[in-house]
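Numbering of the sequence shown is given in the working numbering, commencing with residue 116 and proceeding in unit increments.
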Amino acid sequence: MIKLSEKSKTLMAVPKITKVVVNTSFGRLLSGKTSDEQRKITSEAVDTLSMLSGQKAVTTSAKKSIAGFKIRKGMPIGVKVTLRGKRMYDFLDRLVHIVLPRSRDFQGIPVSAVDQQGNLTIGIREQIFFPEITPEKIKNIMGLEVTIATTAQTKEEGVELFKSLGFPMK
């Protein structure tokens with residue numbers, strides 16, 4: 116439990132986690148593929164993220180066309196899911212105790228991963244580190260980005276919150 120500092124006079128002022136956003140992008144996998152192959156990649160990403168989070172994932176689309184990346188406006192380029200409540204804490208527990216220790220060369224989360232508002236963003240190179248995923252069924256290995264939003268006002272409050280919750284900060 117985080118101690119009440121001089122700044123936070125009441126228990127309600129103590130920083131806490133509000134939501135966790137997990138997303139992945141697969142825009143680079145879609146270039147040069149037929150629309151049928153693109154649909155398969157998109158549905159695989161939705162299924163994978165839904166399996167990891169326990170709730171249905173939402174597809175994100177390109178806001179504008181970018182010729183260099185062969186992306187058109189409205190084309191699906193990623194999948195995201197926002198977790199709150201019990202699912203959020205279950206996901207964070209698995210992330211800290213199972214997924215991060217399984218990652219290759221994991222030395223701890225750098226303090227620089229916490230932004231000025233106290234939110235933490237972690238990149239995971241492969242989704243196969245999660246226990247729900249069977250590597251044999253995965254055709255495309257995709258990385259994940261996990262953003263943990265907090266009510267912390269400063270970077271220091273955010274780092275203190277994550278350390279007190281057992282996140283392996285270095």
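All C-beta atoms in this analysis are idealised placements derived from N, C-alpha and C, irrespective of residue type, glycine included. No experiment lies behind these values; they were computed from the predicted model shown.
Note down, in chain order, each residue of its chain lying with its Cβ closer than 6 Å to the Cβ of residue i, except the 5 sequence neighbours on either side.
i: residue 260; result: 138 and 238
i: residue 174; result: 191 and 194
i: residue 217; result: 244
i: residue 176; result: 189 and 191
Can you check DSSP and say which residues form a bridge with residue i?
i: residue 284; result: 224
i: residue 138; result: 195 and 260
i: residue 173; result: 195
i: residue 181; result: 186
i: residue 238; result: 260
i: residue 265; result: 132
For residue i, name the three-state secondary structure that DSSP assigns.
i: residue 216; result: helix
i: residue 246; result: coil
i: residue 233; result: coil
i: residue 125; result: coil
i: residue 254; result: coil
Excluding the 5 residues flanking residue i on each side, which residues of the same chain have their C-beta closer than 7 Å to its C-beta?
i: residue 159; result: 254 and 255
i: residue 172; result: 161, 164, 165, 194, 195 and 196
i: residue 247; result: 166 and 167
i: residue 241; result: 256 and 258
Assuming residue i is part of the alpha helix (DSSP H), what are its boundary residues?
i: residue 164; result: 150-168
Just to confirm my understanding: we take residue i, look at its own chain, exclude 5 residues before and 5 after, and list those with CB closer than 8 Å. What are they?
i: residue 224; result: 215, 235, 237, 277, 282, 283, 284 and 285
* Asked: With a cut-off of 8 Å, do at least 3 Cβ pairs link the stretch 266-280 to the stretch 218-234?
  -> The answer is yes - the stretch 218-234 touches the stretch 266-280, with three or more Cβ pairs under 8 Å.
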